[in-house]
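Here the structure is laid out as structure tokens; the discussion comes afterwards.
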Amino acid sequence: MDADRLYVSPSAAEKAGNKAIHDHKADRFDVKPSRKRNDDRSWDFGFVAVLMKQGKMVGFA
Numbered sequence: 517m518d519a520d521r522l523y524v525s526p527s528a529a530e531k532a533g534n535k536a537i538h539d540h541k542a543d544r545f546d547v548k549p550s551r552k553r554n555d556d557r558s559w560d561f562g563f564v565a566v567l568m569k570q571g572k573m574v575g576f577a
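Under this note's numbering, the first residue of the sequence shown carries the number 517, and numbering increases by one thereafter.
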């Protein structure tokens with residue numbers, strides 16, 4: 517998972533997913549909780565939009 521695609525709130529991830537649909541990069545998306553490990557070994561928790569096109573995962577937004 518791309519660490520740059522971690523959002524603080526589900527609504528921010530949803531907004532990114534809607535933009536991907538508007539830009540024709542995906543047919544639909546699912547907002548999933550996610551976490552990222554930092555260099556100091558702490559964790560960042562957030563949400564990510566998993567992009568789907570024709571039933572297959574095509575990326576993250």
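By construction, the Cβ of each residue, glycine as well, lies at the ideal position given by its N, Cα and C atoms.
Just to confirm, does residue i get its C-beta within under 8 Å of one of the non-hydrogen atoms of the ligand COA?
i	result
Gly571	Of ligands this structure carries none, so the ligand COA is not represented either.
Please name the residue or residues paired with residue i in a DSSP beta bridge.
i	result
Val547	Ala565
Asp560	Lys552
Taking the straight line between their C-alpha atoms, what separation do you get for residue i and residue j?
i	j	result
Leu522	Gln570	24 Å
Ala542	Ser525	21 Å
Ala532	Arg553	22 Å
Gly575	Phe561	19 Å
For residue i, report the span of its alpha helix (DSSP H) as first-last.
i	result
Lys535	526-538
Using only CA atoms, which one of the options lies nearest to residue i?
i	options	result
Arg551	Phe545, Arg544, Trp559	Trp559
Met568	Phe561, Ala577, Gly562	Ala577
Ser527	Asp539, Arg544, Val564	Val564
For the beta strand (DSSP E) containing residue i, name the first residue and the last one.
i	result
Gly601	Residue 601 lies beyond the range of the chain shown here (517 to 577); nothing can be said about it.
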